[in-house]
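Below is one structure, written out as structure tokens; the observations come after it.
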Amino acid sequence: MQKTLRIGHLYPKLLNIYGDGGNIITLKCRAEWRNLNVTIDEINTGDDSIKEHDIYFIGGGQDLQQIEVSKELQKHKEFLIQERDRGAVFLGICGGYQLLGHYYLPHNGEKLMGISLLDAYTVAGNKRFIGNVTAETEFLTPKTLVGFENHSGLTYLQGDTKPIARVVTGNGNNGKDKTEGARYKNVFGTYLHGSVLPKNPHFTDYLIELAIGEKLAELDDSIELNAHNALINKAY
Ligand code: GLN
Numbered sequence: 016m017q018k019t020l021r022i023g024h025l026y027p028k029l030l031n032i033y034g035d036g037g038n039i040i041t042l043k044c045r046a047e048w049r050n051l052n053v054t055i056d057e058i059n060t061g062d063d064s065i066k067e068h069d070i071y072f073i074g075g076g077q078d079l080q081q082i083e084v085s086k087e088l089q090k091h092k093e094f095l096i097q098e099r100d101r102g103a104v105f106l107g108i109c110g111g112y113q114l115l116g117h118y119y120l121p122h123n124g125e126k127l128m129g130i131s132l133l134d135a136y137t138v139a140g141n142k143r144f145i146g147n148v149t150a151e152t153e154f155l156t157p158k159t160l161v162g163f164e165n166h167s168g169l170t171y172l173q174g175d176t177k178p179i180a181r182v183v184t185g186n187g188n189n190g191k192d193k194t195e196g197a198r199y200k201n202v203f204g205t206y207l208h209g210s211v212l213p214k215n216p217h218f219t220d221y222l223i224e225l226a227i228g229e230k231l232a233e234l235d236d237s238i239e240l241n242a243h244n245a246l247i248n249k250a251y
């Protein structure tokens with residue numbers, strides 16, 4: 016019987032900058048290329064309940080859009096914590112990543128509350144980090160993750176929430192401790208836009224395999240990895 020991968024796309028109308036919607040397309044294609052059936056539900060402002068999904072995705076956005084999403088997410092906080100603890104996969108990019116932590120404190124205005132899926136917090140820095148990032152993981156082959164960052168938020172990890180990679184080129188979480196991204200259970204956050212998944216096919220497959228609980232058949236990723244390798248250690 017054909018397996019189904021259920022994707023929940025959180026607030027695509029608000030958090031979808033720098034091509035982050037391309038991550039949904041990549042998850043869909045790479046799952047369908049392995050004969051998985053894929054369903055995609057959008058969760059938008061005003062939706063009062065969320066069904067169970069195997070993968071949740073939340074993209075990046077400017078402070079203004081984060082204010083609305085921060086408020087909306089509080090309605091679903093308990094449910095999404097249960098989903099995390101059930102083993103659902105989450106991928107948050109930049110602004111979305113920040114809201115998977117405890118809070119994001121922008122330059123001006125109130126603290127934007129997150130949903131604490133990650134034991135992390137973010138405070139706005141004085142400098143905007145813009146450019147390509149190369150970071151090294153310990154769980155992927157190839158080890159590298161590449162992408163584009165554009166954020167002023169500085170994210171700090173605590174407790175059992177650990178970075179997904181060590182920064183080689185670029186700034187990552189805060190430009191100080193050389194960490195990039197975060198993971199707790201199957202919740203992943205990263206500052207890598209671009210979108211991150213098309214040029215990191217190995218990371219995409221890792222997330223899908225976590226979500227369905229089985230290994231995927233190999234694909235010829237030569238084109239994707241050519242794009243990946245072209246970005247390694249490239250600052251701009
Ligand atoms: N507004 C947040 C920041 O500047 C997130 C930006 C983004 O998602 N690219 O840090």
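Take any residue in the sequence shown, note its place counting from 1, add 15, and you have its number in the working numbering. In this text, a Cβ means the ideal position worked out from N, Cα and C, and glycines have one as well. Owing to the predicted nature of the structure, the values given are computational and were not obtained by experimental measurement.
Looking at residue j and residue i, is the spacing between their C-beta atoms short of 7 Å?
{"i": "residue 170", "j": "residue 137", "result": "yes"}
{"i": "residue 174", "j": "residue 134", "result": "yes"}
{"i": "residue 210", "j": "residue 37", "result": "yes"}
{"i": "residue 101", "j": "residue 219", "result": "no"}
{"i": "residue 30", "j": "residue 71", "result": "no"}
{"i": "residue 168", "j": "residue 80", "result": "no"}
{"i": "residue 139", "j": "residue 117", "result": "no"}
{"i": "residue 204", "j": "residue 196", "result": "yes"}
{"i": "residue 225", "j": "residue 104", "result": "yes"}
{"i": "residue 188", "j": "residue 194", "result": "yes"}
{"i": "residue 198", "j": "residue 227", "result": "no"}
Just to confirm the assignment, what range does the beta strand (DSSP E) spanning residue i have?
{"i": "residue 211", "result": "Where residue 211 is concerned, there is no enclosing beta strand (DSSP E), given that its DSSP letter is neither H nor E."}
{"i": "residue 37", "result": "Run containing residue 37: none in the beta strand (DSSP E); it sits in the alpha helix (DSSP H), 37 to 47."}
{"i": "residue 105", "result": "104 to 108"}
{"i": "residue 24", "result": "19 to 25"}
{"i": "residue 58", "result": "52 to 58"}
{"i": "residue 5", "result": "No statement about residue 5 is possible, as the shown extent of the chain runs from 16 to 251 and does not include it."}
{"i": "residue 199", "result": "197 to 199"}
Quick one, which of the options has its alpha-carbon nearest residue i's?
{"i": "residue 160", "options": "236, 214, 16 and 223", "result": "214"}
{"i": "residue 68", "options": "235, 95 and 251", "result": "95"}
{"i": "residue 129", "options": "144, 194, 109 and 163", "result": "109"}
{"i": "residue 62", "options": "79, 50 and 84", "result": "84"}
{"i": "residue 89", "options": "199, 104 and 115", "result": "115"}
{"i": "residue 247", "options": "222, 78 and 162", "result": "162"}
{"i": "residue 107", "options": "228, 32 and 192", "result": "32"}
Report whether the distance from the Cβ of residue i to the nearest heavy atom of the ligand GDP is below 6 Å.
{"i": "residue 166", "result": "Looking at this structure, you won't find the ligand GDP anywhere; what it does contain is the ligand GLN."}
Note the first and the last residue of the continuous alpha helix (DSSP H) segment covering residue i.
{"i": "residue 237", "result": "237 to 246"}
{"i": "residue 94", "result": "78 to 101"}
{"i": "residue 217", "result": "216 to 227"}
- prompt: Does the count of Cβ pairs from the region 182 to 189 and the region 143 to 152 closer than 8 Å reach three?
  reply: yes
- prompt: Is the region 21 to 40 in contact with the region 49 to 56, if contact means three or more CB pairs nearer than 8 Å?
  reply: In short, these stretches touch, since the Cβ pair count reaches three.
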